[in-house]
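Here the protein sequences line up with chains A and B, keeping their order.
By my numbering, the letter at position 110 of the first sequence is numbered 110, and the numbering carries on one by one without gaps.
Take the position in the second sequence, starting the count at 1, then add 1000; the result is the number in my numbering.
There are 2 protein chains.
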Amino acid sequence: MPQGNPAQIPDDGLTTRQRRNRPLVIVHTGPGKGKSTAAFGLALRAWNQGWPVGVFQFVKSAKWRVGEEHALRVLGDTGQGGPVTWHKMGEGWSWIQRDQTDHAEQAAEGWAQIARDLAAQTYRMYVLDEFTYPIKWGWVDVDDVVSVLTARPGAQHVVITGRDAHPKLLECADLVTEMTKVKHPMDAGQKGQKGIEW
Amino acid sequence: MPQGNPAQIPDDGLTTRQRRNRPLVIVHTGPGKGKSTAAFGLALRAWNQGWPVGVFQFVKSAKWRVGEEHALRVLGDTGQGGPVTWHKMGEGWSWIQRDQTDHAEQAAEGWAQIARDLAAQTYRMYVLDEFTYPIKWGWVDVDDVVSVLTARPGAQHVVITGRDAHPKLLECADLVTEMTKVKHPMDAGQKGQKGIEW
Chain A
1 MPQGNPAQIP
11 DDGLTTRQRR
21 NRPLVIVHTG
31 PGKGKSTAAF
41 GLALRAWNQG
51 WPVGVFQFVK
61 SAKWRVGEEH
71 ALRVLGDTGQ
81 GGPVTWHKMG
91 EGWSWIQRDQ
101 TDHAEQAAEG
111 WAQIARDLAA
121 QTYRMYVLDE
131 FTYPIKWGWV
141 DVDDVVSVLT
151 ARPGAQHVVI
161 TGRDAHPKLL
171 ECADLVTEMT
181 KVKHPMDAGQ
191 KGQKGIEW
Chain B
1001 MPQGNPAQIP
1011 DDGLTTRQRR
1021 NRPLVIVHTG
1031 PGKGKSTAAF
1041 GLALRAWNQG
1051 WPVGVFQFVK
1061 SAKWRVGEEH
1071 ALRVLGDTGQ
1081 GGPVTWHKMG
1091 EGWSWIQRDQ
1101 TDHAEQAAEG
1111 WAQIARDLAA
1121 QTYRMYVLDE
1131 FTYPIKWGWV
1141 DVDDVVSVLT
1151 ARPGAQHVVI
1161 TGRDAHPKLL
1171 ECADLVTEMT
1181 KVKHPMDAGQ
1191 KGQKGIEW
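Rendered as structure tokens:
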């Protein structure tokens, strides 16, 4: 947004300062690239503010997010910004093997951890990477997610990424961006490559 | 992309390895959030690969990108990944004051610098942040941009962000993602805030 002016001033009794510091639920969804990379870009801003950042990675792959993970761990360790904690939820599963019961249990436990951290205000920004999938597959109850997010205390921002975000999640979110694929090199036979996909 | 398999294997005589390492022109456009944050997320992956990263910022604002700039400068200085060079093109202008001739000259000089760096293979990944605007305003000739990008040597990836990407730029790009605004808190009177917008 090039200009910071809202389209309208709401009659909500809040001061500009209060509106400026409203905690947000942000969803990056859609079939295009950039959902997770944009979330990690936001994490850079949070780090720069000195905020504790919690990353919760819900889909496992040998190569996924290695660049982001290394970068954010190094940044967190510098002490020049906020600390960064990187959680891998359900280390043993990938979204391809989605019919296995223990994966569902691991995802549910991952979400339970997030709910505990939100209650304790452990972080100021949460990146729930690929969290739309365990919701979509019914491993995590969307009503519970909406309830916990809505009731979270303090000024905690939550960024959720992944395709096919549940309509109830979108309704609960403050900011939703859909990444649309206009042109993709894999359509032309391109393989995934380092520095781009991971 | 959860799976690395292309939709089809092209009859281009290239090996999988060659296709894996094809230099890309990537465009993040559209009215939604996440265009620049996703580009800086890609820069994290490039940094992690040890690649020299060059950021060219084409729009100035007191607060814009301060988080990303600090984070990427710190990362570059650690020596644990690639070096990062951050260029501010046209320090004195912002996109709001777009009718001033010297801004056009500064943008043109900024592009000339990028063209020189591409010819010299100074970086492995280029982030041309908000570069769609000087093209849109005619400050930089789109045919020249396409020509330079198409003829660039080596394995240099170029990521360009901004709304209203020129059709010729989209045609030249390998990967185009459109960020669409589904829901935005400024529509509900929310102000821009630290850690989110900067």
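By construction, the Cβ of each residue, glycine as well, lies at the ideal position given by its N, Cα and C atoms.
Exposed or buried, residue i, counting other C-beta atoms within 10 Å across all chains shown (16 or more means buried)?
i: Trp95 of chain A; result: For Trp95 of chain A, the pLDDT reaches just 46, beneath the cut-off of 50, and the residue's location in the model is therefore unreliable, leaving the point undetermined.
i: Asp143 of chain A; result: exposed
i: Ala1112 of chain B; result: exposed
i: Gly50 of chain A; result: exposed
i: Arg1116 of chain B; result: exposed
i: Gln1193 of chain B; result: buried
i: Glu105 of chain A; result: exposed
i: Gly1030 of chain B; result: buried
i: Gly138 of chain A; result: exposed
i: Asp174 of chain A; result: buried
i: Gly92 of chain A; result: Caution applies to Gly92 of chain A, whose pLDDT of 47 falls short of 50 and renders its modelled position unreliable; the value that the coordinates give is listed next. When all chains shown are included, Gly92 of chain A counts as exposed.
i: Gly110 of chain A; result: buried
i: Gly1233 of chain B; result: This structure gives no information on residue 1233 of chain B, because the portion of chain B shown stretches from 1001 to 1198.
i: Ala119 of chain A; result: exposed
i: Arg1152 of chain B; result: buried
Out of the options, which one is the CA nearest neighbour of residue i?
i: Ala1155 of chain B; options: B:Val1027, B:Phe1040, B:Ser1036 and B:Val1053; result: B:Val1053
i: Glu69 of chain A; options: A:Gly79, A:Gly50, A:Gln80 and A:Thr37; result: A:Thr37
i: Leu75 of chain A; options: B:Thr1150, B:Trp1047 and B:Leu1169; result: B:Trp1047
i: Arg45 of chain A; options: A:Thr161, A:Asp117 and A:Gly82; result: A:Gly82
i: Ile1114 of chain B; options: B:Thr1085, B:Pro1185, B:Gly1030 and B:Arg1065; result: B:Thr1085
i: Ile26 of chain A; options: B:Val1066, B:Asn1021 and B:His1184; result: B:His1184
i: Arg124 of chain A; options: A:Val55, A:Asp102 and A:His87; result: A:Val55
i: Gln121 of chain A; options: A:Ala108, A:Glu197 and A:Val148; result: A:Val148
i: Thr1150 of chain B; options: B:Phe1058, B:Gly1067, B:Leu1170 and B:Glu1197; result: B:Leu1170
i: Asp1141 of chain B; options: B:Gly1067, B:Ala1108, B:Lys1033 and B:Leu1072; result: B:Ala1108
i: His211 of chain A; options: A:Tyr126, A:Gly32, A:Asp187 and A:Val182; result: Since the displayed chain A opens at 1 and closes at 198, residue 211 of chain A lies outside it and no answer follows.
i: Trp1198 of chain B; options: B:Asp1187, B:Lys1033, B:Met1089 and B:Val1182; result: B:Lys1033
i: Val182 of chain A; options: B:Cys1172, B:Asp1187 and B:Val1182; result: B:Cys1172
Name the one or two DSSP bridge partners that residue i has.
i: Leu1042 of chain B; result: DSSP lists no partner for Leu1042 of chain B.
i: Gly1054 of chain B; result: B:Thr1085 and B:Tyr1126
i: His1028 of chain B; result: B:Thr1161 and B:Thr1177
i: Lys183 of chain A; result: B:Val1176
Output yes or no for whether 8 Å exceeds the beta carbon distance between residue i and residue j.
i: Val1159 of chain B; j: Leu1042 of chain B; result: yes
i: His28 of chain A; j: Thr180 of chain A; result: no
i: Leu128 of chain A; j: Phe58 of chain A; result: yes
i: Gln1190 of chain B; j: Arg22 of chain A; result: yes
Checklist entry - Taking three-plus beta-carbon pairs below 8 Å as touching, is the segment 1162-1180 of chain B in contact with the segment 1130-1148 of chain B? => result yes
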